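Mapping to this note's numbering: the sequence shown position 220 is 310, numbers consecutive. Ideal Cβ placement from N, Cα and C applies to all residues, glycine included. A quick note: this is a predicted structure, and the numbers were derived from the prediction, not measured. Have a look at the structure below, then the notes.
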Amino acid sequence: MTDNHQTDRSHPPQGPLAALAKELPDWLETSRIQASSGRVASYIPELAGAPYNALGITVLDGQGVSVSAGDAELRFTMQSISKVFTLLLALIDHGEDGVFTKVGMEPTGDDFNSMVKLEIVVPGIPFNPLINAGAISISSLIKGATPKEKSERVLAFFRDLAGDSSLAYNEAVYRSEAATANRNRSIAYLLKANRVLEGDVEDVLEVYFKHCAIEVTCGHIARMALVLAYDGTDPLTGRQLIPRRYVQIAKTFMITCGMYNASGEFAIRAGLPAKSGVSGGILTLVPGRYGIGVVGPALNDKGNSTAGVHLLETISQAMDWSIF
Ligand code: GLU
Numbered sequence: 091m092t093d094n095h096q097t098d099r100s101h102p103p104q105g106p107l108a109a110l111a112k113e114l115p116d117w118l119e120t121s122r123i124q125a126s127s128g129r130v131a132s133y134i135p136e137l138a139g140a141p142y143n144a145l146g147i148t149v150l151d152g153q154g155v156s157v158s159a160g161d162a163e164l165r166f167t168m169q170s171i172s173k174v175f176t177l178l179l180a181l182i183d184h185g186e187d188g189v190f191t192k193v194g195m196e197p198t199g200d201d202f203n204s205m206v207k208l209e210i211v212v213p214g215i216p217f218n219p220l221i222n223a224g225a226i227s228i229s230s231l232i233k234g235a236t237p238k239e240k241s242e243r244v245l246a247f248f249r250d251l252a253g254d255s256s257l258a259y260n261e262a263v264y265r266s267e268a269a270t271a272n273r274n275r276s277i278a279y280l281l282k283a284n285r286v287l288e289g290d291v292e293d294v295l296e297v298y299f300k301h302c303a304i305e306v307t308c309g310h311i312a313r314m315a316l317v318l319a320y321d322g323t324d325p326l327t328g329r330q331l332i333p334r335r336y337v338q339i340a341k342t343f344m345i346t347c348g349m350y351n352a353s354g355e356f357a358i359r360a361g362l363p364a365k366s367g368v369s370g371g372i373l374t375l376v377p378g379r380y381g382i383g384v385v386g387p388a389l390n391d392k393g394n395s396t397a398g399v400h401l402l403e404t405i406s407q408a409m410d411w412s413i414f
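What follows is the structure, given as structure tokens:
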């Protein structure tokens with residue numbers, strides 16, 4: 091773990107990024123104190139050993155200049171952050187009509203792994219693609235003849251977005267979740283009974299658990315977020331990786347339900363589209379300007395990184411980044 095603030099020295103930051111680089115180490119250390127009130131997720135046993143008071147951030151701009159601070163090199167699994175990108179791949183595979191007959195567009199107010207509405211709200215499709223039920227349905231929509239082929243397509247897509255051909259999933263975290271996922275398994279079988287889920291349930295879960303276990307650093311998350319900040323085109327290569335309309339859909343979900351049941355609060359305090367995961371990662375972005383990756387494994391009672399949320403709210407308010 092490193093505690094130093096680092097910048098991309100080949101292109102020293104200028105303008106607002108230079109101002110950020112100056113303040114960031116202090117803001118990060120102030121936010122890190124918040125970690126002591128959080129708890130590392132342990133329902134996936136392999137996640138329980140993460141360093142609870144780690145905190146790292148990378149902010150990357152469209153010219154490739156980045157500013158990092160704290161434990162930005164810490165490796166962590168994407169968990170729910172990956173759901174944004176499997177949604178995008180399913181939209182590329184099936185279009186809006188194909189996806190939104192299988193999953194809805196509304197926040198739930200329930201926990202991320204709840205199945206209660208699948209029973210009581212007709213027609214029993216998940217409320218949105220970012221809760222577990224929705225993301226499991228999305229996994230069933232990814233094209234490919236076998237679970238292996240589907241997972242390879244997901245990985246290839248994520249590698250393009252992260253600009254790193256060595257991106258891979260963490261086998262130990264994948265196995266740990268697959269061996270203990272009684273709730274997700276229940277959700278998947280209920281979805282199968284509701285005729286929402288296509289294909290073999292265990293095959294679908296394999297694709298889902300594997301994309302949750304893709305291992306990244308803050309730099310990878312910042313690069314993936316940068317593509318969203320630039321409406322689907324990677325500004326560093328000029329390649330269009332995702333149609334603009336689908337990015338618009340993903341960013342709207344990030345605002346309305348990307349931060350679990352604290353999405354409204356985060357929208358008010360930070361004002362940025364974001365998605366968090368149980369490993370303590372947060373992906374966020376400033377449209378047309380920055381992609382941002384954060385990690386802080388200790389979670390608050392809503393399931394978001396307690397220090398990570400504090401840090402992002404501090405930065406966004408100080409730099410006037412809110413989109414609203
Ligand atoms: N793999 C995790 C699960 O299904 C992802 C949850 C999350 O990050 O919110 O429980």
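Cutoff 6 Å; reference residue i; Cβ partners in own chain excluding five residues on either side
i: G160; result: L118, L145 and G146
i: V385; result: G146, L164, F166, C308, G370 and G371
i: S241; result: V297 and K300
i: T148; result: S156, S158, A162, C308, G309, A312 and G383
i: Y350; result: F202, K392 and G393
Residue environment, residue i, which counts as buried when at least 16 other CB atoms sit within 10 Å
i: G224; result: buried
i: T92; result: At T92 the pLDDT is 37, less than 50, meaning the model places this residue with poor confidence and gives no usable figure here.
i: F356; result: buried
i: D187; result: exposed
i: L410; result: The question names Leu, but residue 410 is Asp in the sequence shown. It is exposed - the Cβ of D410 has fewer than 16 other Cβ atoms within 10 Å.
i: F414; result: exposed
i: L401; result: buried
i: R313; result: buried
i: P363; result: buried
i: I277; result: buried
i: I232; result: buried
i: N272; result: exposed
Contacting residues, own chain, Cβ-Cβ under 7 Å from residue i (five flanking each side not counted)
i: R275; result: L295
i: D293; result: P237
i: N94; result: For N94, the predicted structure reports a pLDDT of 39, less than 50, and the residue's modelled location is therefore unreliable. A value from the coordinates is still provided. Here the set comprises nothing.
i: C347; result: P197, N218, L220 and S353
i: G289; result: S230
i: K207; result: T198, D200 and F217
i: M344; result: V174, P363, A364 and K365
Extent of the continuous beta strand (DSSP E) to which residue i belongs
i: L373; result: G371 to V376
i: A303; result: Neither: A303 is in no beta strand (DSSP E) and is coded neither H nor E.
i: I382; result: Y380 to V385
i: I405; result: Run containing I405: none in the beta strand (DSSP E); it sits in the alpha helix (DSSP H), T396 to M409.
i: G224; result: Careful: G224 lies outside any beta strand (DSSP E), inside the alpha helix (DSSP H) at N222 to L231.
i: K365; result: A364 to S366
i: G105; result: That residue, G105, is in no beta strand (DSSP E); its alpha helix (DSSP H) goes G105 to R122.
i: S132; result: Unbroken run through S132: none, as it is neither H nor E.
Residue range of the alpha helix (DSSP H) that includes residue i
i: I332; result: Element bounds for I332: n/a, residue is neither H nor E.
i: L177; result: S172 to F190
i: T148; result: Element bounds for T148: not the alpha helix (DSSP H) but the beta strand (DSSP E), G146 to D151.
i: S412; result: Per DSSP, S412 belongs to no alpha helix (DSSP H) and is neither H nor E.
i: S241; result: P237 to A252
Min CB distance residue i to chain B below 8 Å
i: Q338; result: Absent here is chain B; the protein component of the structure consists of one chain.
Same chain, Cβ closer than 8 Å to residue i, neighbours up to 5 away in sequence not counted
i: S266; result: I134, P135, E136 and L137
i: I123; result: A397
i: P141; result: M91, D161, L164 and P387
Legend entry - contact_flag[the region 209-227, the region 178-198] where n(CB pairs < 8 Å) is 3 or more: Verdict: yes, contact present.
Legend entry - Residues proximal to the ligand GLU by C-beta, any heavy atom closer than 6 Å: Any heavy atom of the ligand GLU within less than 6 Å of a residue's beta carbon puts that residue on the list, which reads Q169, S170, F202, N203, N222, E267, N274, C302, G367 and V368.
Inset, instruction - Could you say if the region 164-183 and the region 371-383 meet the contact criterion of at least three C-beta pairs nearer than 8 Å? - result: Using a C-beta cut-off of 8 Å, the region 164-183 makes contact with the region 371-383, since at least three inter-stretch Cβ pairs fall below that distance.
Inset, instruction - Would you be able to state if there are at least three C-beta pairs under 8 Å between the region 312-332 and the region 246-260? - result: With contact defined as three or more Cβ pairs closer than 8 Å, the region 246-260 and the region 312-332 are in contact.
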